[in-house]
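All remarks here apply to the structure that follows.
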Amino acid sequence: MKATGIVRRIDELGRVVVPKEIRRTLRLREGDPLEIFTDREGGVILKKYSPIRELTNFASEYSDSLEQTIGNIILVCDRDNIISVSGVIKKEYLEKRISRDLEKVMDDRKSIAFLDGVTKPIALFEEEEPVIKYSNQVISPILAEGDVIGAVIIASKEQGKKFSEMEIKLAETAASFLGKQIEC
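One gets the numbering used here by counting positions in the sequence shown from 1 and adding 150 to each.
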(Lines of atoms letter the chains of each structure in order from A; the text may use other names.)
(Lines give C-alpha, C1' and ligand atoms only; values in the text may rest on other atoms or scores of the structure.)
Protein backbone atom coordinates (compact mmCIF):
# COMPACT_ATOMS: atom_id res chain seq x y z
CA MET A 151 0.00 0.00 0.00
CA LYS A 152 1.13 3.53 -0.75
CA ALA A 153 0.85 6.12 2.04
CA THR A 154 -0.78 9.43 1.08
CA GLY A 155 -0.22 11.37 4.30
CA ILE A 156 -3.92 12.21 4.44
CA VAL A 157 -5.82 11.37 7.63
CA ARG A 158 -9.62 11.37 7.87
CA ARG A 159 -11.91 10.59 10.79
CA ILE A 160 -14.94 8.32 10.71
CA ASP A 161 -18.17 10.23 11.42
CA GLU A 162 -21.02 9.08 13.68
CA LEU A 163 -22.61 7.16 10.79
CA GLY A 164 -19.37 5.27 10.00
CA ARG A 165 -18.55 7.29 6.88
CA VAL A 166 -15.15 8.44 5.68
CA VAL A 167 -14.65 11.11 3.02
CA VAL A 168 -12.27 10.12 0.24
CA PRO A 169 -10.16 13.25 -0.39
CA LYS A 170 -10.77 15.17 -3.60
CA GLU A 171 -7.17 14.69 -4.77
CA ILE A 172 -7.51 10.90 -4.55
CA ARG A 173 -10.96 10.93 -6.20
CA ARG A 174 -9.53 12.98 -9.08
CA THR A 175 -6.44 10.78 -9.47
CA LEU A 176 -8.50 7.57 -9.45
CA ARG A 177 -11.32 9.12 -11.51
CA LEU A 178 -13.86 8.37 -8.79
CA ARG A 179 -17.20 10.06 -9.33
CA GLU A 180 -20.24 10.34 -7.14
CA GLY A 181 -22.14 7.07 -7.31
CA ASP A 182 -19.14 4.95 -8.40
CA PRO A 183 -19.17 1.54 -6.70
CA LEU A 184 -16.20 0.61 -4.51
CA GLU A 185 -15.10 -2.85 -3.37
CA ILE A 186 -13.87 -3.07 0.21
CA PHE A 187 -11.04 -5.42 1.16
CA THR A 188 -9.17 -5.99 4.39
CA ASP A 189 -5.63 -7.24 4.82
CA ARG A 190 -4.02 -9.26 7.61
CA GLU A 191 -2.45 -6.19 9.18
CA GLY A 192 -5.83 -4.53 9.74
CA GLY A 193 -5.71 -2.32 6.66
CA VAL A 194 -8.79 -1.45 4.63
CA ILE A 195 -8.45 -1.25 0.85
CA LEU A 196 -11.00 0.49 -1.33
CA LYS A 197 -10.93 -0.46 -4.99
CA LYS A 198 -13.04 0.96 -7.78
CA TYR A 199 -15.44 -1.80 -8.82
CA SER A 200 -15.78 -2.68 -12.50
CA PRO A 201 -18.68 -5.02 -13.31
CA ILE A 202 -17.32 -5.67 -16.80
CA ARG A 203 -14.08 -7.05 -15.31
CA GLU A 204 -16.10 -10.11 -14.32
CA LEU A 205 -16.61 -10.73 -18.04
CA THR A 206 -12.97 -10.27 -19.11
CA ASN A 207 -12.55 -13.83 -20.43
CA PHE A 208 -15.93 -13.74 -22.13
CA ALA A 209 -15.21 -10.30 -23.65
CA SER A 210 -11.85 -11.56 -24.92
CA GLU A 211 -13.44 -14.55 -26.65
CA TYR A 212 -16.18 -12.37 -28.09
CA SER A 213 -13.69 -9.79 -29.42
CA ASP A 214 -11.46 -12.57 -30.87
CA SER A 215 -14.46 -13.97 -32.78
CA LEU A 216 -15.48 -10.55 -34.02
CA GLU A 217 -11.92 -9.74 -35.12
CA GLN A 218 -11.65 -13.05 -37.03
CA THR A 219 -14.95 -12.30 -38.78
CA ILE A 220 -14.36 -8.69 -39.85
CA GLY A 221 -10.55 -8.38 -39.67
CA ASN A 222 -10.43 -5.12 -37.71
CA ILE A 223 -9.01 -4.22 -34.31
CA ILE A 224 -11.48 -4.95 -31.51
CA LEU A 225 -11.06 -3.48 -28.03
CA VAL A 226 -13.25 -3.68 -24.94
CA CYS A 227 -12.71 -1.29 -22.06
CA ASP A 228 -14.26 -0.58 -18.70
CA ARG A 229 -14.50 2.96 -17.30
CA ASP A 230 -10.76 3.01 -16.56
CA ASN A 231 -8.70 0.56 -18.64
CA ILE A 232 -8.68 -1.47 -21.83
CA ILE A 233 -9.51 -5.04 -20.73
CA SER A 234 -9.69 -6.98 -24.02
CA VAL A 235 -7.67 -6.68 -27.22
CA SER A 236 -7.91 -8.50 -30.56
CA GLY A 237 -6.25 -7.83 -33.89
CA VAL A 238 -3.11 -6.06 -32.60
CA ILE A 239 -0.28 -6.73 -30.17
CA LYS A 240 -1.99 -7.02 -26.80
CA LYS A 241 0.76 -5.40 -24.73
CA GLU A 242 0.36 -2.17 -26.73
CA TYR A 243 -3.18 -1.75 -25.36
CA LEU A 244 -4.04 -4.15 -22.53
CA GLU A 245 -4.50 -2.51 -19.12
CA LYS A 246 -3.73 0.95 -20.50
CA ARG A 247 -5.71 3.76 -18.85
CA ILE A 248 -8.36 5.08 -21.25
CA SER A 249 -8.06 8.63 -22.57
CA ARG A 250 -10.21 11.54 -21.43
CA ASP A 251 -11.62 11.74 -24.97
CA LEU A 252 -12.77 8.12 -24.85
CA GLU A 253 -14.27 8.74 -21.43
CA LYS A 254 -16.24 11.70 -22.86
CA VAL A 255 -17.56 9.55 -25.73
CA MET A 256 -18.78 6.96 -23.21
CA ASP A 257 -20.39 9.66 -21.05
CA ASP A 258 -22.42 10.81 -24.09
CA ARG A 259 -24.03 7.33 -24.09
CA LYS A 260 -24.26 6.98 -27.87
CA SER A 261 -22.22 5.29 -30.55
CA ILE A 262 -19.86 7.46 -32.53
CA ALA A 263 -17.86 6.85 -35.69
CA PHE A 264 -14.60 8.54 -36.67
CA LEU A 265 -14.35 7.84 -40.38
CA ASP A 266 -11.46 8.19 -42.81
CA GLY A 267 -11.32 11.68 -44.26
CA VAL A 268 -14.48 12.83 -42.46
CA THR A 269 -13.47 13.13 -38.81
CA LYS A 270 -10.23 12.68 -36.91
CA PRO A 271 -9.89 9.63 -34.65
CA ILE A 272 -9.39 10.04 -30.90
CA ALA A 273 -6.74 8.61 -28.60
CA LEU A 274 -8.00 5.43 -26.96
CA PHE A 275 -5.55 5.49 -24.09
CA GLU A 276 -3.45 8.16 -22.43
CA GLU A 277 -0.27 9.17 -24.27
CA GLU A 278 -1.45 7.68 -27.57
CA GLU A 279 -1.12 9.53 -30.88
CA PRO A 280 -4.36 8.61 -32.73
CA VAL A 281 -3.95 10.58 -35.95
CA ILE A 282 -1.01 8.42 -36.97
CA LYS A 283 -2.52 5.13 -35.80
CA TYR A 284 -6.11 4.87 -37.00
CA SER A 285 -7.94 5.53 -40.23
CA ASN A 286 -11.35 4.62 -38.76
CA GLN A 287 -12.90 4.08 -35.32
CA VAL A 288 -16.32 3.14 -34.03
CA ILE A 289 -16.99 3.43 -30.32
CA SER A 290 -20.14 2.09 -28.70
CA PRO A 291 -20.74 2.48 -24.95
CA ILE A 292 -21.71 -0.59 -22.92
CA LEU A 293 -24.77 0.12 -20.77
CA ALA A 294 -25.97 -2.07 -17.91
CA GLU A 295 -28.97 -1.13 -15.79
CA GLY A 296 -28.79 2.41 -17.14
CA ASP A 297 -25.12 2.98 -16.27
CA VAL A 298 -22.18 3.25 -18.66
CA ILE A 299 -19.75 0.51 -17.67
CA GLY A 300 -17.40 0.47 -20.66
CA ALA A 301 -17.20 0.51 -24.44
CA VAL A 302 -16.61 -1.66 -27.48
CA ILE A 303 -14.24 -0.17 -30.03
CA ILE A 304 -13.71 -1.26 -33.63
CA ALA A 305 -10.71 0.40 -35.29
CA SER A 306 -8.63 0.11 -38.42
CA LYS A 307 -5.09 1.18 -39.21
CA GLU A 308 -5.52 0.45 -42.93
CA GLN A 309 -5.43 3.67 -44.93
CA GLY A 310 -8.12 3.78 -47.56
CA LYS A 311 -10.35 1.27 -45.78
CA LYS A 312 -13.84 2.66 -45.30
CA PHE A 313 -16.10 1.70 -42.41
CA SER A 314 -19.77 1.40 -43.16
CA GLU A 315 -22.97 1.10 -41.20
CA MET A 316 -22.03 -2.57 -40.63
CA GLU A 317 -19.13 -1.73 -38.27
CA ILE A 318 -21.34 0.68 -36.33
CA LYS A 319 -24.07 -1.96 -35.96
CA LEU A 320 -21.52 -4.63 -34.96
CA ALA A 321 -20.07 -2.40 -32.22
CA GLU A 322 -23.57 -1.55 -30.96
CA THR A 323 -24.58 -5.21 -30.99
CA ALA A 324 -21.44 -6.26 -29.11
CA ALA A 325 -21.92 -3.47 -26.54
CA SER A 326 -25.58 -4.37 -26.04
CA PHE A 327 -24.75 -8.06 -25.70
CA LEU A 328 -22.01 -7.46 -23.10
CA GLY A 329 -24.32 -5.10 -21.18
CA LYS A 330 -27.04 -7.76 -21.08
CA GLN A 331 -24.51 -10.31 -19.76
CA ILE A 332 -23.82 -8.02 -16.79
CA GLU A 333 -27.54 -7.63 -16.07
CA CYS A 334 -28.14 -11.41 -15.98
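The C-beta atom is built at its ideal place from N, Cα and C for all residues, glycine as well.
Use the C-beta contact count for residue i: other C-beta atoms within 10 angstroms, 16 or more gives buried, fewer gives exposed.
| i | result |
| --- | --- |
| Met316 | exposed |
| Asp258 | exposed |
| Asp161 | exposed |
Report the rounded CA-to-CA distance for residue i versus residue j, giving the unit in angstroms.
| i | j | result |
| --- | --- | --- |
| Ile303 | Ile233 | 12 Å |
| Ser210 | Arg165 | 38 Å |
| Ala263 | Ile332 | 25 Å |
| Lys312 | Phe208 | 28 Å |
| Gly329 | Glu245 | 20 Å |
| Glu241 | Asn222 | Note on identity: in this sequence residue 241 is Lys, with Glu being the wrong assignment. Roughly 17 Å separates the two Cα atoms. |
| Leu293 | Arg250 | 19 Å |
| Ile156 | Arg190 | 22 Å |
| Glu171 | Glu277 | 21 Å |
| Gly296 | Thr206 | 20 Å |
| Ala305 | Ile224 | 7 Å |
| Arg158 | Asp182 | 20 Å |
Give a yes or no on whether the minimum CB-CB distance between residue i and chain D is below 8 Å.
| i | result |
| --- | --- |
| Ile318 | Protein chain content of the structure displayed is limited to a single chain, and chain D is not contained in it. |
Does the beta-carbon distance from residue i to residue j come in below 8 Å?
| i | j | result |
| --- | --- | --- |
| Gly237 | Glu217 | yes |
| Met256 | Val298 | yes |
| Ser213 | Val226 | yes |
| Lys307 | Lys283 | yes |
Within the same chain, show all residues whose beta-carbon is closer than 8 Å to that of residue i, passing over the 5 residues directly before and after it, in chain order.
| i | result |
| --- | --- |
| Asp230 | Arg177, Lys198, Ser200, Arg247, Ile248 |
| Arg173 | Arg179 |
| Thr188 | Val194, Ile195 |
Whose C-beta lies closer than 6 Å to the C-beta of residue i among residues of the same chain, with five residues either side of it excluded?
| i | result |
| --- | --- |
| Leu252 | Leu274 |
| Ser290 | Ser261, Val302, Ala321, Glu322, Ala325 |
Along the chain, where does the alpha helix (DSSP H) that runs through residue i open and close?
| i | result |
| --- | --- |
| Asp230 | No alpha helix (DSSP H) holds Asp230; DSSP gives it neither H nor E. |
Counting along the chain, where does the beta strand (DSSP E) carrying residue i start and finish?
| i | result |
| --- | --- |
| Asp184 | Correcting the residue type first, residue 184 is Leu in the shown sequence and not Asp. First-last of the beta strand (DSSP E) with Leu184: 184–188. |
Whose C-beta lies closer than 7 Å to the C-beta of residue i among residues of the same chain, with five residues either side of it excluded?
| i | result |
| --- | --- |
| Ile186 | Val194, Leu196 |
| Asp228 | Ser200, Ile202, Arg203, Ile299, Gly300 |
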